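Worksheet: one structure, shown below.
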Amino acid sequence: LYNASNGAPESVLFHGALGARSLRFVSESVLATAGDDAALRTWDLAAASERLLSAHDGAVGRIAVFPGGARVASAVVGRPVAFDAPSDNRVALWSATGADARRLRIDGQLDGHETRDLLVHPDGRRVFNAQFRGPGGDLVHVMDADTGERNFTISVGVDEDPRRLFLSADGARLLVVGTRASRFYRA
345 LYNASNGAPE SVLFHGALGA RSLRFVSESV LATAGDDAAL RTWDLAAASE RLLSAHDGAV
405 GRIAVFPGGA RVASAVVGRP VAFDAPSDNR VALWSATGAD ARRLRIDGQL DGHETRDLLV
465 HPDGRRVFNA QFRGPGGDLV HVMDADTGER NFTISVGVDE DPRRLFLSAD GARLLVVGTR
525 ASRFYRA
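The following block contains the structure:
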């Protein structure tokens with residue numbers, strides 16, 4: 345971790361032997377990391393302390409932070425740690441302090457379909473999950489952050505491989521950036 349104003353190193357965070365795939369600031373002094381060790385951690389930078397929030401069933405490669413930093417969403421992006429077990433393809437929601445963890449089941453048969461990106465709407469009520477499905481058609485699931493129910497699904501095309509999700513400043517438009525095209529949708 346480096347000081348952005350002068351480039352001086354401030355601290356070293358060791359996520360685990362397998363490393364981190366995703367990092368997000370939860371607040372000015374709390375950082376969330378996720379990695380191949382199937383763990384989601386938060387780091388209190390002021391106190392130099394670490395908290396393990398979860399152990400998923402596979403590599404955790406996507407995390408998103410809710411407005412205000414009270415909750416964190418995480419998703420598995422790769423094969424499960426126990427490679428003979430199917431991934432549950434859930435988006436997990438966690439209190440940033442580690443309390444009240446719960447997982448949201450995405451409707452449908454999604455085993456083997458990899459999450460490419462995860463995004464929380466600025467209103468905190470919706471979670472967007474981009475999934476690569478290949479010949480079956482790639483999707484963005486829009487889920488209710490409280491109930492876990494799917495509000496709707498956006499079909500982004502066959503083999504589009506949606507890599508990144510972005511929302512307009514007002515939260516009304518969703519940009520899905522794929523390997524072959526980028527498209528806007530109403531959020």
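Read in order, the letters of the sequence shown correspond to residues 345 to 531 in the numbering used here. Here a beta-carbon is modelled for each residue, glycine too, at the ideal position from N, C-alpha and C. In this text the structure is predicted, and so the values were computed from the model without any measurement.
- Using a Cβ distance threshold of 8 angstroms, Arg365 and Val404 count as a contacting pair.
- Taking the Cα of His359 as reference, the smallest distance to any Cα among Leu437, Glu504 and Ser393 is reached at Ser393.
- Note: Asn473 is bridge-paired with Leu462 and His485 in the DSSP secondary-structure output.
- With contacts defined by Cβ atoms closer than 8 angstroms, Ser355 and Leu389 form a contacting pair.
- Gly501 carries a strand assignment under DSSP once its states are collapsed to helix, strand and coil.
- Its Cα nearest to that of Leu437, the residue Gly492 stands out among Pro353, Thr459, Arg530 and Gly492.
- The Cβ atoms of Ala440 and Val374 lie closer than 8 angstroms to each other.
- Here Ala352 is exposed, its C-beta having fewer than 16 other C-beta atoms within 10 Å.
- For the pair Leu396 and Arg385, the CB atoms are nearer than the 8 angstroms cut-off.
- Closest in alpha carbon position to Asp381, among Ala391, Ser398 and Ser371, is Ser398.
- DSSP places Arg530 in the uninterrupted beta strand (DSSP E) bounded by Ser526 to Arg530.
- Listed as beta-bridge partners of Pro506 by DSSP are Gly522.
- Beta-bridge analysis with DSSP links Arg365 to no other residue.
- The alpha carbon of Asp514 has as its nearest neighbour, out of Asp505, Val502, Arg530 and Pro506, the alpha carbon of Arg530.
- Where Leu375 is concerned, the enclosing beta strand (DSSP E) starts and stops at Val374 to Gly379.
- Boundaries of the beta strand (DSSP E) around Gly405: Gly402 to Val409.
- Contact between Met487 and Arg477 is ruled out by a C-beta separation of about 17 angstroms, above the 8 angstroms threshold.
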